[in-house]
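Residue numbers (this note's numbering), protein chains in the order written: chain A, 1 to 197; chain B, 198 to 419. The beta-carbon is built from N, C-alpha and C at its ideal position, and this holds for glycine as well. The structure appears below as structure tokens.
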């Protein structure tokens, strides 16, 4: 039997008098990708935040069996406008107590297509570039599970194919991914879909 | 410890790049102090008598001005939820935020204090007592203010609410600090007041970050 990274039983959530979801049970095993789909306001972000413990007004069992907390990309990117790209990436490393080498950061900056912007303040970057900086946290650390809320918004076509590649790479090393997006995910791996009404 | 140092460095860097947030309260403080001799008249006797009160009220208001922003930008750009999410102690992070707030707003006020006291004709003993009292009290102000700042960070405009929440907590230290300066001017012993202020400071260091960390958790829970 495969040890699940995440096991959710009978999750139920009501917000502002509306039932977002109920009787939601699913699990995530290493090497699996779970795509959460649903229209605007269907509770995708709330579900992801509830999984992470950032939204606690939900009922049901949410059990993680991980040594390290999952990495999270939310609507608020966690990027400080008045810090440079490198400084922001380093801060992600500090938060997760991950020793991040300069080589790794250089490599991430190169992969993210931010070469030449290393020392630019994030306030001077475009929306898409800031998103790329926030995505950098997934490249500089080795946490087994990723939770991504709409990672493809504001990202161009090049960035999209690059993102698909890193998703694939992460699954290949037995990582788990929970992702909410409207975009079709083009990787050659089975994708579990969770549809919210 | 790593988080503490990195967080203080980060805040200093951010404010070094955008110094207006730090400078505004200091300019406010100096302007308020310098208006009193103009408004009341430059008689040294009268000014000297009310000086401790004036300086302290101005220092409190200047501290409150900068309080609202303690967690606001971290909340709005998502850094705060990343901290809560990581397995790092929110207590340490909050303590680091308070420490950098003190370095950027409390310490400059302490350094400006002798200047302010000279404007109001305080004598040497009074200046020393005033500076020492602010040095002892300003960390307490940052610690207690952090609770108010964290409680109101989720509200669009928390400025006035922070003041209302935090002011009652400031009253005891204000009373003790002005009493200490008056005692020093009258030439009596101040050590008792120093012990009291230190006791309050240590109490605040231990307890305030617990409340602030809890408030931060509530603020990010949405």
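Exposed or buried, which one is residue i when buried takes at least 16 other CB atoms within 10 Å?
i             : result
residue 25/A  : exposed
residue 10/A  : exposed
residue 392/B : exposed
residue 314/B : buried
residue 5/A   : buried
residue 295/B : buried
residue 369/B : exposed
residue 92/A  : buried
residue 198/B : exposed
residue 71/A  : buried
residue 193/A : exposed
Please report the distance separating the alpha-carbon of residue i from that of residue j.
i             : j             : result
residue 378/B : residue 255/B : 15 Å
residue 38/A  : residue 53/A  : 21 Å
residue 121/A : residue 205/B : 19 Å
residue 277/B : residue 405/B : 18 Å
residue 354/B : residue 385/B : 45 Å
residue 116/A : residue 87/A  : 15 Å
residue 244/B : residue 312/B : 15 Å
residue 159/A : residue 183/A : 13 Å
residue 448/B : residue 366/B : Beyond the ends of chain B as shown, which are 198 and 419, falls residue 448/B; an answer cannot be given.
residue 332/B : residue 79/A  : 34 Å
residue 301/B : residue 400/B : 22 Å
residue 41/A  : residue 334/B : 48 Å
residue 292/B : residue 239/B : 42 Å
residue 156/A : residue 231/B : 56 Å
residue 321/B : residue 209/B : 33 Å
residue 61/A  : residue 43/A  : 17 Å
residue 28/A  : residue 7/A   : 7 Å
residue 251/B : residue 285/B : 42 Å
Starting from residue i, trace the alpha helix (DSSP H) both ways and give me its first and last residue.
i             : result
residue 412/B : 388 to 417
residue 367/B : 356 to 382
residue 247/B : 241 to 264
Got a sec, what are the start and stop residues for the beta strand (DSSP E) residue i sits in?
i             : result
residue 35/A  : 33 to 37
residue 103/A : Element bounds for residue 103/A: not the beta strand (DSSP E) but the alpha helix (DSSP H), 102 to 111.
residue 147/A : 145 to 149
residue 59/A  : 58 to 64
Beta-carbon within less than 7 Å of residue i's beta-carbon, same chain only, minus the 5 sequence neighbours each way: which residues are those?
i             : result
residue 215/B : none
residue 346/B : 264, 265, 267, 268 and 359
residue 319/B : 245, 248 and 327
residue 174/A : 30 and 31
residue 132/A : 112, 113, 114 and 159
residue 3/A   : 65
residue 350/B : 268, 269, 272 and 416
Among the residues of its own chain, which have a CB less than 8 Å from the CB of residue i, if the five just before and after it don't count?
i             : result
residue 361/B : none
Who are the near neighbours of residue i in its chain, counting only those whose CB is closer than 6 Å to its CB and skipping five residues on each side?
i             : result
residue 108/A : 136, 139 and 140
residue 164/A : 186 and 187
residue 310/B : 327, 328 and 331
- Item | Positions along the segment 264 to 285 of chain B whose CB lies within less than 9 Å of some CB in chain A | The segment 264 to 285 of chain B vs chain A, Cβ under 9 Å: 270, 271, 272, 273, 274, 275, 276, 277, 278, 279, 280, 281, 282, 283, 284 and 285.
- the segment 205 to 234 of chain B: which residues have C-beta closer than 8 Å to a C-beta of chain A, in chain order? Residues passing the 8 Å Cβ filter: 207, 210, 211, 214 and 215.
- Closer than 8 Å, Cβ to Cβ, to anything on chain B: give me those residues from the segment 93 to 112 of chain A, in chain order. Of all residues in the segment 93 to 112 of chain A, the ones placed with a Cβ closer than 8 Å to any Cβ belonging to chain B are 94, 95, 96 and 97, in chain order.
- Query: What residues from the segment 76 to 92 of chain A come within 9 Å of chain B, judged by C-beta to C-beta, listed N to C?
  - Reply: Within the segment 76 to 92 of chain A, contact with chain B at the beta-carbon level (separation under 9 Å) is assigned to 76, 77, 78, 79, 80, 81, 82, 83, 87, 90, 91 and 92.
- Query: Mind listing which residues of the segment 43 to 75 of chain A have their C-beta closer than 7 Å to chain B's C-betas, in chain order?
  - Reply: Answer set for the segment 43 to 75 of chain A: 52, 54, 55, 56, 69, 72 and 74.
- Query: Using a Cβ cut-off of 8 Å, which residues of the segment 327 to 355 of chain B contact any Cβ in chain A, in chain order?
  - Reply: For the segment 327 to 355 of chain B, which is checked against every Cβ of chain A, not one residue is closer than 8 Å.
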